[in-house]
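See below for the structure under consideration.
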Amino acid sequence: MIDKFISLKVIIDRVMMNPGAEDLPYDVAVLAASDTIKLIANPVFLISLDAYVNIEDYRGVLPINYLDITKVTKVDSNLSETSRRSMSYNSDPFFKSYDDREMNPRESSFRYKTEGRYIFTSFSEGKLHVAYTAVPVDFDGVIMIPDRVSIVKAIEFSILATWLQKKWFIGKITPDKFQWADRERNWYVSKAGADFMMENLDKRQSIANTINTLMLNDEHNVNDYRELGLKEYRKRSI
443 MIDKFISLKV
453 IIDRVMMNPG
463 AEDLPYDVAV
473 LAASDTIKLI
483 ANPVFLISLD
493 AYVNIEDYRG
503 VLPINYLDIT
513 KVTKVDSNLS
523 ETSRRSMSYN
533 SDPFFKSYDD
543 REMNPRESSF
553 RYKTEGRYIF
563 TSFSEGKLHV
573 AYTAVPVDFD
583 GVIMIPDRVS
593 IVKAIEFSIL
603 ATWLQKKWFI
613 GKITPDKFQW
623 ADRERNWYVS
633 KAGADFMMEN
643 LDKRQSIANT
653 INTLMLNDEH
663 NVNDYRELGL
673 KEYRKRSI
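Going letter by letter, the sequence shown gives residues 443 to 680 in my numbering.
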């Protein structure tokens, strides 16, 4: 299931509706939200995207919201599928097979590495089709948050508790107000983390099958990882 997302700006506006939080600084809210995202550690915060990257002088610029590369394929200038060559054999998120794809990508002469927002290649000029995980952002570059009640409330109360804590430290509010927001934060952060564990049974079984595979299979790239999550059977001689 693909989650809907809402902008962090919406959550910040909701926090500022609380008495005592009208003067909430934007940078404090963003920092508190970022810390909460790390605490929850739920992959629904990320999305899978792909993009074409031009290579000039052995270097290309990756998308601004890029987090981690999943797959890189070299294509020709007119994006012809017959010219695709895999540059990584870890996975293939393009969800299609290429008729002349190299059956053993390890033998490919194409290599790459990433540093920050740049990708460096073993060839000087060309074009890459890059699949990557990303942090979703809105048109203003603000982080987008999965529109799940537990996650939204966890971030909302984390921002509020962070700001009220600062006010309590300098004696502007009584401790009970901060303590209330802190309790709500802790509950919703725990709830958001628990929701991640409540995946549907089919998905959890597929994950279990993958983890419990008895023998490593280095040929999954040939069938685009279609059988990776299937249950494995062991044959025993009588």
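We put the beta carbon where it would ideally sit given N, CA and C, even for glycine. Everything numeric in this text was worked out from a predicted model, so none of it was measured.
Decide if residue i is buried, meaning its Cβ has at least 16 other Cβ atoms within 10 Å, or exposed.
i: T563; result: buried
i: E567; result: exposed
i: D465; result: exposed
i: T478; result: buried
i: K480; result: exposed
i: M586; result: buried
i: A636; result: exposed
i: L473; result: exposed
i: I681; result: A question about residue 681 goes unanswered here, because the residues of the chain that appear run from 443 up to 680.
i: A573; result: buried
i: E557; result: exposed
i: E700; result: Since the first and last residues shown for the chain are 443 and 680, residue 700 lies out of range.
i: I506; result: exposed
i: G583; result: exposed
i: A493; result: exposed
i: D541; result: Its pLDDT being 48, under 50, D541 is placed unreliably by the model, and the measurement read from it follows with that caveat. Exposed.
i: P588; result: buried
In angstroms, rounded to a whole number, what distance separates the CA positions of residue i and residue j?
i: F447; j: Y554; result: 32 Å
i: A596; j: N484; result: 12 Å
i: L570; j: F581; result: 25 Å
i: K633; j: R627; result: 10 Å
i: V486; j: Y508; result: 15 Å
i: V452; j: V514; result: 35 Å
i: V470; j: M458; result: 12 Å
i: K516; j: P578; result: 25 Å
i: N642; j: A475; result: Legend: pLDDT at N642 = 49, less than 50; position of this residue unreliable, no value from coordinates given.
i: Y560; j: D510; result: 12 Å
i: V631; j: S600; result: 8 Å
i: R456; j: K608; result: 19 Å
i: L606; j: T575; result: 34 Å
i: F552; j: S449; result: 39 Å
i: K518; j: G502; result: Note on identity: in this sequence residue 518 is Asp, with Lys being the wrong assignment. Rounded to whole angstroms, D518 to G502 spans 15 Å at the Cα level.
i: W610; j: W629; result: 21 Å
i: K463; j: Q621; result: In the sequence as presented, Lys is not what sits at residue 463; that position holds Ala. Whole-angstrom Cα-Cα distance: 15 Å.
i: L491; j: F565; result: 24 Å
i: N460; j: Y468; result: 15 Å
i: I454; j: L602; result: 9 Å
i: I482; j: I489; result: 16 Å
i: T604; j: A623; result: 9 Å
i: V495; j: E598; result: 36 Å
For residue i, which beta-bridge partners are listed by DSSP?
i: G502; result: I561
i: I489; result: A576
i: D510; result: T575
i: F611; result: Answer by DSSP bridge pairing: none, since F611 is not bridged.
i: K555; result: F562
i: V495; result: L570
i: S449; result: M586
i: K480; result: According to DSSP, which records beta bridges pairwise, K480 is partnered with nothing at all.
i: V517; result: K569
Would residue i pass as an interface residue toward chain B - the criterion being a Cβ-Cβ separation below 8 Å?
i: F565; result: The chain labelled as chain B is not found in the depicted structure, where only one protein chain is given.
- Counting pairs of beta carbons, one from the stretch 609 to 620 and one from the stretch 584 to 599, are three or more of them closer than 8 Å? Output reads no: the stretch 584 to 599 does not touch the stretch 609 to 620.
- Item | Uninterrupted beta strand (DSSP E) stretches inside the stretch 582 to 636 (no shorter than 3 residues) | Counting only runs of 3 or more, we get 586 to 588.
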